[in-house]
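> Residue numbers (our numbering): 25 to 748.
Starting off with a structure, shown below.
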């Protein structure tokens with residue numbers, strides 16, 4: 025039997041004891057197996073299991089999309105972006121069943137009930153939903169999937185689990201040290217590689233995440249720093265430092281409290297600034313993993329007696345066949361007889377040398393860590409996913425290094441049968457959850473083939489051309505893909521470069537400080553002025569339409585040479601550097617780049633309609649203040665009965681009144697609770713309908729129509745988006 029009892033006196037070789045003779049473990053492969061399979065207390069691993077399971081139960085109705093699955097997966101006339109084209113969306117009622125299986129898996133993980141089976145059910149359904157849609161793929165959804173796989177391989181049910189109640193032989197039994205080693209290494213790599221990725225010049229110079237300083241969490245820093253300094257030094261430089269060294273601090277006993285304090289503050293701040301679901305809380309839940317393996321038992325032992333009944337009862341820690349023990353850790357047979365203890369059967373003696381189960385665990389640990397070290401830098405192989413950034417967003421841990429703005433997306437077609445040309449609305453073929461497709465060449469190809477297949481139903485065989493303009497990290501707006509190439513006919517492979525992608529104009533990056541200065545001056549001149557900086561390639565042209573509201577729009581050339589064509593007027597104007605030209609509203613115009621180098625120019629917009637509305641709002645607000653009357657009465661006094669903007673003025677005043685009325689903490693908490701409860705309620709209502717449809721063979725369409733009609737919002741599937 026074992027010398028240690030509970031968590032008070034750890035046995036030799038446990039993680040709570042000193043790592044004696046660690047160097048001796050490295051002498052031979054057998055010693056290495058013994059080191060990674062040495063017996064360790066299971067309590068800390070159980071806490072990770074419980075916390076992860078609970079967080080995933082909250083995640084499923086929210087970020088995994090169960091609450092709005094009918095909107096996300098119900099439409100058949102939209103394009104999907106799975107990782108593998110052969111992966112298809114199940115019928116809607118079965119998607120709800122898949123979510124149910126995922127939830128039951130998360131519940132089983134939490135309770136430690138049918139543990140391996142629960143992990144398998146959760147992992148398979150989770151990865152299925154994730155791989156169905158690359159547009160929703162991100163770092164933390166990838167991390168959740170990895171943790172689920174790791175939990176399936178480790179002995180997370182050896183303490184505080186229902187499996188332990190049903191099977192006393194595994195209750196409070198040792199787990200091999202590699203269980204902790206692989207989980208800790210995974211979390212360490214999340215931090216450390218994220219820090220390495222932030223060594224990117226855009227991050228270091230403060231262009232990746234801008235204007236975060238406006239968030240209230242930075243108010244204390246605002247006493248000594250400007251907003252620009254907060255963005256650079258606190259957000260970027262400190263963010264890099266935390267990621268790079270936060271994981272390192274967790275590795276050592278003396279620095280661990282500092283690391284936990286810094287990283288806890290970091291994740292709490294992130295939870296207030298970003299809508300990233302359970303991710304900050306999941307990372308908070310992993311921090312105790314780096315503490316001693318028996319810390320939960322130490323806390324329980326020091327709790328008041330009145331609270332200990334809620335916790336697992338302390339019992340003698342049991343040996344496990346998954347661990348390798350030193351011979352001196354097992355009392356000789358004679359000692360057991362003299363102590364009056366029951367003699368162990370020779371078949372139940374714990375192993376003292378590596379067996380197959382130990383070798384498989386260690387090999388899995390080494391392979392998993394090797395894969396996690398390789399994938400973030402595997403972009404030389406997966407070239408088909410490289411665009412302005414490398415790889416699918418997620419597995420590289422390049423968290424928040426790149427921020428995007430999209431100017432416009434134009435999708436044009438040419439019917440090969442009739443010769444007809446025209447434009448298609450790019451939003452008509454995707455739902456609101458699939459907006460990231462336009463930034464990735466692989467998804468652009470998927471989208472083109474999907475649209476072409478849809479148009480075949482209308483007896484059209486088309487060529488498709490994409491003109492997509494984006495800016496990355498405050499650079500010029502520029503094209504991502506060559507608008508002259510028919511995307512339907514391009515060949516794409518995950519192992520070949522994207523041939524139709526245009527390069528990021530990194531040579532123009534030094535312009536960013538100058539652009540920021542010009543933008544600041546223009547905005548200071550007028551609150552109603554907007555500016556867009558554009559860069560284009562030689563031999564290409566930009567075709568744009570200026571809306572009627574933008575009555576004061578001009579183009580100023582910053583670099584290169586361009587010719588501006590006013591299509592309706594059939595006039596051309598050549599611009600040299602510094603030249604400016606007014607663009608007529610309500611008309612198309614084209615800007616041709618005729619220089620050998622890329623051209624750079626800026627649009628300056630003044631929304632004359634908005635200016636007029638704001639002037640009337642200020643007039644009405646002055647009447648409200650002077651006369652102390654209601655907004656409706658002030659509008660009647662200040663505006664004519666036939667004023668076309670009376671309703672706009674009313675809405676703007678109502679919006680301002682809502683913003684000025686601050687909600688109390690309890691009002692905010694109640695609103696948050698109500699919103700979250702509505703997600704869970706809606707999830708279970710639709711799940712019930714799906715179960716009835718599958719079990720009783722009833723029509724799920726009838727259930728959907730009935731439910732939509734009963735909802736408070738207008739009875740249409742699209743209106744349900746407001747719930748989520």
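From the three backbone atoms N, C-alpha and C, an ideal C-beta is built for every residue, glycine too.
For the stretch 129 to 140 against the stretch 433 to 443, do three or more pairs of beta-carbon atoms, one drawn from each stretch, fall closer than 8 Å, so that the two count as touching?
Contact fails: fewer than three Cβ-Cβ distances are below 8 Å.
> By Cβ distance below 7 Å, which residues in the same chain neighbour residue 670 in space, the five residues on each side in sequence not counted?
Closer than 7 Å at Cβ, skipping near neighbours: 659, 663.
> Does DSSP classify residue 411 as helix, strand or coil?
Three-state DSSP puts residue 411 in coil, outside helix and strand.
> From the DSSP output, read off the bridge partner residues of residue 589.
In the DSSP output, where bridge partners are listed per residue, residue 589 has 596, 614.
> Between which two residues does the beta strand (DSSP E) carrying residue 624 extend?
It spans 623 to 630 - the beta strand (DSSP E) in which residue 624 sits, taken as one unbroken run.
> Rounded to whole angstroms, what is the Cα-Cα separation between residue 253 and residue 512?
Taking the straight line from one Cα to the other gives about 47 Å.
> Alpha carbons only, please: which of 429, 474, 397, 607 is nearest the one belonging to residue 501?
Taking only the C-alpha atoms, the option nearest residue 501 is 429.
> Of all the alpha helix (DSSP H) runs that stay within the bounds of the stretch 628 to 656, which reach a length of 4 or more residues?
Within the stretch 628 to 656, the complete alpha helix (DSSP H) runs of at least 4 residues are 632 to 651.
> Can you give me the C-alpha to C-alpha distance between residue 68 and residue 315, rounded to a whole angstrom?
Roughly 8 Å separates the two Cα atoms.
> Quick one: what does DSSP say residue 446 is sitting in, helix, strand or coil?
In the structure shown, residue 446 sits in a strand (DSSP, three-state: E or B).
> Out of 714, 495, 63, 144, which one is the CA nearest neighbour of residue 350?
For the residues 714, 495, 63, 144, the minimum Cα distance to residue 350 belongs to 63.
> Between 516, 528, 147, 623, which has its C-alpha nearest residue 603's C-alpha?
Nearest C-alpha to residue 603: 623.
> Going by DSSP, which residues form a beta bridge with residue 434?
Paired residues: 491.
> Does residue 564 come out as helix, strand or coil in the three-state DSSP assignment?
Residue 564: coil per DSSP, three-state reduction.
> Expressed to the nearest angstrom, what Euclidean distance is found between the alpha-carbon atoms of residue 452 and residue 202?
Computed Cα separation, rounded: 50 Å.
> Can you list, in chain order, the residues of its chain with a C-beta nearer than 8 Å to that of residue 674? Leave out the 5 residues immediately preceding and following it.
Here the set comprises 655, 656, 659.
> Would the beta-carbon of residue 343 fall within 9 Å of that of residue 374?
Going by C-beta atoms, residue 343 is nearer than 9 Å to residue 374.
> Within 10 angstroms of the Cβ of residue 499, are there 16 or more other Cβ atoms? Answer buried if so, exposed if not.
Flag for residue 499 reads buried.
> What does the alpha-carbon distance come out to for the pair residue 726 and residue 479?
Cα to Cα, the separation comes out at about 29 Å.
> For a test of the three-state rule: what should DSSP assign to residue 731, helix, strand or coil?
Helix.
> Going by the CB atoms, is the gap between residue 341 and residue 196 shorter than 9 Å?
Contact flag set, yes.
> Do residue 800 and residue 422 have their C-beta atoms within less than 9 Å of each other?
Outside the shown range of the chain, which is 25 to 748, sits residue 800, and nothing can be said about it.
> Report the rounded CA-to-CA distance for residue 2 versus residue 326, giving the unit in angstroms.
Residue coverage of the chain in this structure runs from 25 to 748, which leaves residue 2 outside it and unanswerable.
> For residue 457, collect the residues of the same chain with a Cβ closer than 6 Å to its Cβ; drop the 5 residues on either side in sequence, then sort them by chain order.
The residues are 96.
> Straight-line CA distance for residue 331 to residue 135?
Taking the straight line from one Cα to the other gives about 20 Å.
> Can we count residue 248 as close to the ligand SAM, meaning its CB is less than 8 Å from some heavy atom?
As presented, the structure is devoid of all ligands, the ligand SAM included, so that no description of it is given.
> Between which residues of its own chain and residue 661 is the CB-CB distance below 7 Å, once the five residues before and five after are set aside?
Same-chain partners within the cutoff: 647.
> What are the boundary residues of the alpha helix (DSSP H) that includes residue 480?
That run of the alpha helix (DSSP H) goes 465 to 480.
> Relative to the C-alpha of residue 557, which candidate in 297, 532, 569, 89 has its C-alpha closest?
For the residues 297, 532, 569, 89, the minimum Cα distance to residue 557 belongs to 532.
> Spell out a yes or no on whether the stretch 178 to 192 and the stretch 66 to 85 are touching, meaning 3 or more CB-CB pairs, one atom from each, closer than 8 Å.
Yes: the two stretches touch, three or more of their Cβ pairs being nearer than 8 Å.
> Roughly how many angstroms separate the alpha carbons of residue 583 and residue 262, rounded to a whole number?
If you take the alpha carbons of residue 583 and residue 262, they lie about 36 Å apart.
> My assumption, with CB atoms under 8 Å, is that residue 588 sits in contact with residue 615. Please give the rounded CB distance.
With 8 Å as the limit, residue 588 and residue 615 qualify as a contact, their Cβ atoms being about 5 Å apart.
> The alpha helix (DSSP H) spanning residue 705 covers which residue range?
Run containing residue 705: 689 to 720, per the alpha helix (DSSP H) assignment.
> Looking only at DSSP bridge pairs, what is residue 496 linked to?
Residue 496 is bridged to 428.
> Which residue marks the beginning of the beta strand (DSSP E) containing residue 582, and which one marks its end?
First-last of the beta strand (DSSP E) with residue 582: 576 to 583.
> What are the start and end residues of the alpha helix (DSSP H) that includes residue 20?
There is simply no residue 20 to check, as the chain begins at 25 and stops at 748 in what is shown.
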